[in-house]
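Going down the list, the protein sequences come from chains W and U. According to full-length UniProt numbering, the stretch in the first sequence is residues 1 to 588, in order. According to full-length UniProt numbering, the stretch in the second sequence is residues 1 to 601, in order. Backbone N, C-alpha and C fix where the C-beta goes; we use that ideal spot for every residue, glycine too. These numbers come from a predicted model, not from an experiment.
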Amino acid sequence: MTDRSSTRSLLRLWPYVRPVRTRLCVAALVAVVASCLGLVISLVLKWIVDGPVAGRDPGGVWWGALALLVLGLAEAALFGLRRWLVARPLAGVESAMRADLYRHVQRLPIAFHDRWASGQLLSRATTDLSLIRMFLAFPLTFLFVNGVTVLVGCGLLLAQDWALGLVLLVPVVPLIVLCSLFETRYALVARRAQDQVGDLTTVVEESVLGIRVIKGFGRHRSQAAAFRALSRRLRGTELAKARLLAGIWAVITIVPELAIGAALVLGTVRVADGGLSAGTLVAFLSMALALRWPVESIGFLLAMSQEAATAVERFFEVMDEAEEDGGGAGGGGSVAGRSGGLRFENVTFRYPDAPPDAPPVLAGVDLWVRPGETLALVGATGSGKTTLTALVPRLHEVTGGRILLDGVDVAAMPRQRLRELVSVAFEEPTLFSASVAENVLMGAEGADDAELRRALGVAQAGFVRELPQGAATQVGEQGLSLSGGQRQRLALARAVVGRPRFLVLDDPLSALDVHTEALVEAALREVLRETTALVVAHRPSTVMLADRVALLSRGRIAAVGTHRELLRDSAEYAWLMSGAETGTGGRG
Amino acid sequence: MTESGDAFDRDTLPAPEGATGALLRSLLRPRRLRVAVAALLLVLQQAAVQAGPLLVAYAIDRAVPALRREDYGPLIAVAAGYAGCAAGAGLLHYGFIRTSARVNQDVLLDLRGRIFRHAQALSVDFHERYTSGRLISRSTTDVESLRELLSEGLQELVGVVLSFAYISVLLLWLDLGIGAVAVASFVPLYLLVRLYRRRAAVAFSARSTAIAAVIVTFAETMNGIRPVRAFRREPANDARFHTLNHRHERRNGDAILEMARYVVGSRLVANTAVAGMVLWGAHRVAGGTLALGILAAAVLYVRRLYDPIDRLGMFLNSYQSAAASLEKIAGLLAQTPSVREPAAPRELPPARSGTPGREVVFEDVRFAYRTGGEVLPRFGLTIPAGQTVAVVGSTGAGKSTLAKLLARFYDPTEGRVLLDGVDLRDLATPELRRGVVMVTQEAFLFSGTVAENIALGRPEATRAEIEQAAKAIGAHDFIADLPDGYDTDVRKRGGRISAGQRQLVSFARALLADPAVLILDEATSSLDIPGERAVQRAMDTVLHGRTAVVIAHRLSTVEIADRVLVMEGGRIVEDGPPAQLIGAKGRFAGLHRAWRDSVVG
Numbered sequence: 001m002t003d004r005s006s007t008r009s010l011l012r013l014w015p016y017v018r019p020v021r022t023r024l025c026v027a028a029l030v031a032v033v034a035s036c037l038g039l040v041i042s043l044v045l046k047w048i049v050d051g052p053v054a055g056r057d058p059g060g061v062w063w064g065a066l067a068l069l070v071l072g073l074a075e076a077a078l079f080g081l082r083r084w085l086v087a088r089p090l091a092g093v094e095s096a097m098r099a100d101l102y103r104h105v106q107r108l109p110i111a112f113h114d115r116w117a118s119g120q121l122l123s124r125a126t127t128d129l130s131l132i133r134m135f136l137a138f139p140l141t142f143l144f145v146n147g148v149t150v151l152v153g154c155g156l157l158l159a160q161d162w163a164l165g166l167v168l169l170v171p172v173v174p175l176i177v178l179c180s181l182f183e184t185r186y187a188l189v190a191r192r193a194q195d196q197v198g199d200l201t202t203v204v205e206e207s208v209l210g211i212r213v214i215k216g217f218g219r220h221r222s223q224a225a226a227f228r229a230l231s232r233r234l235r236g237t238e239l240a241k242a243r244l245l246a247g248i249w250a251v252i253t254i255v256p257e258l259a260i261g262a263a264l265v266l267g268t269v270r271v272a273d274g275g276l277s278a279g280t281l282v283a284f285l286s287m288a289l290a291l292r293w294p295v296e297s298i299g300f301l302l303a304m305s306q307e308a309a310t311a312v313e314r315f316f317e318v319m320d321e322a323e324e325d326g327g328g329a330g331g332g333g334s335v336a337g338r339s340g341g342l343r344f345e346n347v348t349f350r351y352p353d354a355p356p357d358a359p360p361v362l363a364g365v366d367l368w369v370r371p372g373e374t375l376a377l378v379g380a381t382g383s384g385k386t387t388l389t390a391l392v393p394r395l396h397e398v399t400g401g402r403i404l405l406d407g408v409d410v411a412a413m414p415r416q417r418l419r420e421l422v423s424v425a426f427e428e429p430t431l432f433s434a435s436v437a438e439n440v441l442m443g444a445e446g447a448d449d450a451e452l453r454r455a456l457g458v459a460q461a462g463f464v465r466e467l468p469q470g471a472a473t474q475v476g477e478q479g480l481s482l483s484g485g486q487r488q489r490l491a492l493a494r495a496v497v498g499r500p501r502f503l504v505l506d507d508p509l510s511a512l513d514v515h516t517e518a519l520v521e522a523a524l525r526e527v528l529r530e531t532t533a534l535v536v537a538h539r540p541s542t543v544m545l546a547d548r549v550a551l552l553s554r555g556r557i558a559a560v561g562t563h564r565e566l567l568r569d570s571a572e573y574a575w576l577m578s579g580a581e582t583g584t585g586g587r588g
Numbered sequence: 001m002t003e004s005g006d007a008f009d010r011d012t013l014p015a016p017e018g019a020t021g022a023l024l025r026s027l028l029r030p031r032r033l034r035v036a037v038a039a040l041l042l043v044l045q046q047a048a049v050q051a052g053p054l055l056v057a058y059a060i061d062r063a064v065p066a067l068r069r070e071d072y073g074p075l076i077a078v079a080a081g082y083a084g085c086a087a088g089a090g091l092l093h094y095g096f097i098r099t100s101a102r103v104n105q106d107v108l109l110d111l112r113g114r115i116f117r118h119a120q121a122l123s124v125d126f127h128e129r130y131t132s133g134r135l136i137s138r139s140t141t142d143v144e145s146l147r148e149l150l151s152e153g154l155q156e157l158v159g160v161v162l163s164f165a166y167i168s169v170l171l172l173w174l175d176l177g178i179g180a181v182a183v184a185s186f187v188p189l190y191l192l193v194r195l196y197r198r199r200a201a202v203a204f205s206a207r208s209t210a211i212a213a214v215i216v217t218f219a220e221t222m223n224g225i226r227p228v229r230a231f232r233r234e235p236a237n238d239a240r241f242h243t244l245n246h247r248h249e250r251r252n253g254d255a256i257l258e259m260a261r262y263v264v265g266s267r268l269v270a271n272t273a274v275a276g277m278v279l280w281g282a283h284r285v286a287g288g289t290l291a292l293g294i295l296a297a298a299v300l301y302v303r304r305l306y307d308p309i310d311r312l313g314m315f316l317n318s319y320q321s322a323a324a325s326l327e328k329i330a331g332l333l334a335q336t337p338s339v340r341e342p343a344a345p346r347e348l349p350p351a352r353s354g355t356p357g358r359e360v361v362f363e364d365v366r367f368a369y370r371t372g373g374e375v376l377p378r379f380g381l382t383i384p385a386g387q388t389v390a391v392v393g394s395t396g397a398g399k400s401t402l403a404k405l406l407a408r409f410y411d412p413t414e415g416r417v418l419l420d421g422v423d424l425r426d427l428a429t430p431e432l433r434r435g436v437v438m439v440t441q442e443a444f445l446f447s448g449t450v451a452e453n454i455a456l457g458r459p460e461a462t463r464a465e466i467e468q469a470a471k472a473i474g475a476h477d478f479i480a481d482l483p484d485g486y487d488t489d490v491r492k493r494g495g496r497i498s499a500g501q502r503q504l505v506s507f508a509r510a511l512l513a514d515p516a517v518l519i520l521d522e523a524t525s526s527l528d529i530p531g532e533r534a535v536q537r538a539m540d541t542v543l544h545g546r547t548a549v550v551i552a553h554r555l556s557t558v559e560i561a562d563r564v565l566v567m568e569g570g571r572i573v574e575d576g577p578p579a580q581l582i583g584a585k586g587r588f589a590g591l592h593r594a595w596r597d598s599v600v601g
């Protein structure tokens, strides 16, 4: 059994459980008392039957009933107390773990996020954490409570009558073993069903997200066929699950009933020959009934623990990843003597998850963007332009070489400071669920209204005025959905709002129509004049924004110069900018 | 959140009265025999289970005295009866679980399939308004909550109700007084359950709203991690998340406590009733008016009676959430596709010799959304077979609507769209897609290999044909460079495929599909200039002679067009060969000049 490693996983919860340990322990004790009260009720029944009932003493019955009432009320109150004791603290544990996870993943390297689908992280923050809370609320307590109850019950049964007790207890051990064996097998099938649901969900998601492609090519029949095959497979697995379940339920029903039946027959014989009181027989049967749940539950409590252990592993799998460090401590004053601007010195880069034999994406890039200059970066699709831009704010770490901002190595700067200096507009313009103003102003703390208007003006985002609540309109996932061009303009406004010292723009005008593009270019020129900028460009119109152009090819800077110079001197550049098939430069 | 009155902003779409019930009936009707068998098995199983205590009564009251007379008959009867009931209960339970699982799984299979097929059949305009997230959760989360009810809650719920009924009847039969106490206890229990359901509904919906907010923020942060980092949002996000997370913690605690209150309340009622019944029964036995065995049986019954009561609350919850989910699903299924398959499909006439393209005619077409708002006023347009038409104009001018009408993503509000004289509405889907294929801006790739994604254009295509299509569009080089070439899984590690490369793949699809009419809606927006040229070359060679409608921001596309349409405010304001329009003084001439300037610099 893998119980040892499961236990080890679950022990890692201790730091989160520590603050609520007292309450948890008290709650467990309360539950033990409540659970054992249930057994005592059987003893009271025995007393009633053998005492007042057998003695034909109607008055004595009152005392027995009163005792039952008190015990019953106490049991109810104690179970309530247990739930009340743990409800809020455990919700607190869950939320503390979730907050920690969120805090942590926000600070994990981008390379980690490239590797992990957001759905995977999300399921850890929701399903797994609520599994863990359930574990702390039930299996953790009840494995202990039910264990104690079963032991106490066994003791009581045996103390009442050896032979009868043994008859009832014989099936307990095999039943527990059978239940946990079943749970192990069941967990396997359940996992398989879970995976198949995941596959089915993927098909559903893709068929919705790709609906235009499916309709455009008339492929809904083949999608439906794929879906049907997967959902049939899932049905098969679910039926296998049901078969297992049916089997174990048959065992759980038959075995204890047979034991009780045997006890009944034996008990009847003993009562008839006077070896046993009628009250004891009643108490026995009632106690056997009371013990059924604790015995049966052990199997699924163990299964829940196993699941929780997996959930804990999944949680710590993410938590154990190292966060991005805070960056260097220095970077106060720029090193005198060194030239300013943005400088790449022999920068190499390969993705951390790339196969070892793959060539590096960047293989020795040397590039200098002079202070105040705008440099366009041009290269064929897949030449590493976007990767190069991501290295400046250290979203990825260089594999070799270094990048200098005004003479200071970015690796030596605190990341916060670095990212204040460098502002980025990404190729994929992402907006968050917040107002337009909040989305734009996240580029600059403490910028005022005038600054917002200026940034929106630069990005030609006049459409904002026509939104229902102007710049206060909610956008993003939960708000108004904007067109690609509109989102791109807001992302551009976000990049320029803080008047950053360094600006990195990744193909900032790709989604704009010709007319808007011309207007944005005109306004952007003003902004670029004040900053040092690196602009990824696919088209001549974007290149026009720059003072000089660098051509990135096969992971190196192949040429630097003005647009005209490169058009004249570089065949690859001419090919990229005009599509003319004259040059010798192919794709890298 | 927007507070507009549009029904599509809400989860539950308007459905006719009783649609939920009708849906449930239609799901169960084909399986009514199995449902009946399952119900019968459950009824018998409960009967077998509940026979136990009666045998106890028989043993104490009959078998004990009989034994004292050396008569073993009743004892043997008890033994045989108990063994029989135990075995019967077990086997019946086994049969019930398997039968009901068949029913449940068949219902779920049916329902999943219906939602899927329906969502696929619904027109593009529906998909544009009802967000993908909602549609996905209809077929995942909502089906899941129904599954939970069917596989876990329902049988327990029915079992509890059945055992309540059996035990009450048995208790009343054993002794009217004990039975009366049991039945009387149902009144406070019923009230308690009702109160709990009301309060739990509030608590649970507050909790699910709270967790939804947490999930949205979490997902948004992960999906936008680059801007989050680049703009140093981590501390601000932490604070925001803390608020939402804390709210969820409170709501979660509320919901758990609500459950705790219910459990305490029901236990109190149950235990009080037990004490009352024992008091009454013991009193009567002591007084000599009731047999001891009957009391013993009653006590055992009473303990069983209230056993499942804690869980009842849980089942009711799953019942409630399943009912809500089913209602949402029924609302979705009640939507009718605005673009329907023809009842009597026609075929396209054989292509005229010499041209693989077909003639397109918009005949007095007008288009307005069903919610109102005219997009395209009445117009007429004829595109001869083989012509390449570029459509230009600013955002919102109606270019995409024109394309979607031609692709039959929408049907015109008035008028007809004809392909070689046949109304698009008369063409079955496979025939329609042999005629018209549209490539859109969002080049969506499905999970699977690159080759499979290209083969979407023509599933029966061979590998050679797939590679040929990729080569024709200039996508072969980058595909060959991927870790497993054409067999690279686009969703796996190493499958870093840029937006431009995705567009090339989706273009290769279109080449493979080889339609008579090709529509490109911003299909080249992410391509660099060489990529764009490759597309133009492919249209000149592989797709030569096809009718093409090209929508593009970039005017470079116009160079290959035979004809340009300039749209504005839903109308075609200029129409003619590019050279003629450039020479004139219209809008197109202005646009073209600006574009020329930007290219040459």
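- Message: Would you say Gln105 of chain U lies against chain W (beta-carbon separation less than 8 Å)?
- Response: yes
- Item | DSSP state of Ser207 of chain W mapped onto helix, strand, coil | helix
- Message: Please confirm whether Gln416 of chain W has its beta-carbon closer than 8 Å to some beta-carbon of chain U.
- Response: yes
- Query: Between Trp47 of chain W and chain U, is there a C-beta pair that is closer than 8 Å?
  - Reply: no
- Message: Counting only beta-carbon separations shorter than 8 Å, does Met287 of chain W have a partner in chain U?
- Response: no
- Message: Does any residue of chain U have a CB that is nearer than 8 Å to the CB of Ile403 of chain W?
- Response: no
- Identify which residue in U:Glu249, U:Val566, U:Ile309 has its Cα closest to the Cα of Thr395 of chain U. U:Val566
- Task: Work out the CA separation of Leu149 of chain U and Leu266 of chain W for me, nearest whole Å.
- Result: 42 Å
- Item | Opening and closing residue of the alpha helix (DSSP H) in which Ala574 of chain W lies | 571-578
- Message: In the DSSP output, what is Arg571 of chain U paired with across the bridge?
- Response: U:Glu568
- Message: For the region 233-255 of chain W, list every residue whose C-beta sits within 9 Å of some C-beta in chain U, in sequence order.
- Response: Leu234, Arg235, Gly236, Glu238, Leu239, Lys241, Ala242, Arg243, Leu245, Ala246, Gly247, Trp249, Ala250, Val251, Ile252, Thr253, Ile254, Val255
- State yes or no: is the C-beta of Phe204 of chain U within less than 8 Å of the C-beta of Ala255 of chain U? yes
- Three CB pairs or more closer than 8 Å across the region 104-120 of chain U and the region 213-232 of chain W: yes
- Message: Let me check you understand the geometry: is the CB of Phe135 of chain W closer than 7 Å to at least one non-hydrogen atom of the ligand MG?
- Response: Looking for the ligand MG in the displayed structure turns up nothing, as the structure carries no ligands at all.
- Give me the Cα-Cα distance between Gln223 of chain W and Val203 of chain W, rounded to the nearest whole angstrom. 8 Å
- Item | Among U:Tyr262, U:Leu348, U:Val228, U:Leu381, the one whose alpha carbon lies nearest that of Asp426 of chain U | U:Leu348
- Look at the alpha carbon of Glu144 of chain U and the alpha carbon of Glu152 of chain U, and state the distance between them as a whole number of angstroms. 12 Å
- Closer than 9 Å, Cβ to Cβ, to anything on chain U: give me those residues from the region 135-152 of chain W, in chain order. Ala137
- Query: Any Cβ of chain U within less than 8 Å of the Cβ of Asp513 of chain W?
  - Reply: yes
- If Pro171 of chain W sits next to Pro256 of chain W, beta carbons under 8 Å apart, how far is it from one beta carbon to the other, in whole angstroms? 6 Å
- Following the continuous alpha helix (DSSP H) through Met413 of chain W, name the residue where it begins and the one where it ends. Per DSSP, Met413 of chain W belongs to no alpha helix (DSSP H) and is neither H nor E.
- Are the region 461-470 of chain U and the region 526-535 of chain U touching, with three or more C-beta to C-beta distances below 8 Å? no
- Partner residues on chain U for Pro52 of chain W, Cβ-Cβ distance less than 7 Å: Ala282, Ala286
- With a cut-off of 8 Å, does the C-beta of Val20 of chain W fall near any C-beta of chain U? no
- Helix, strand or coil for Ser423 of chain W per DSSP? strand
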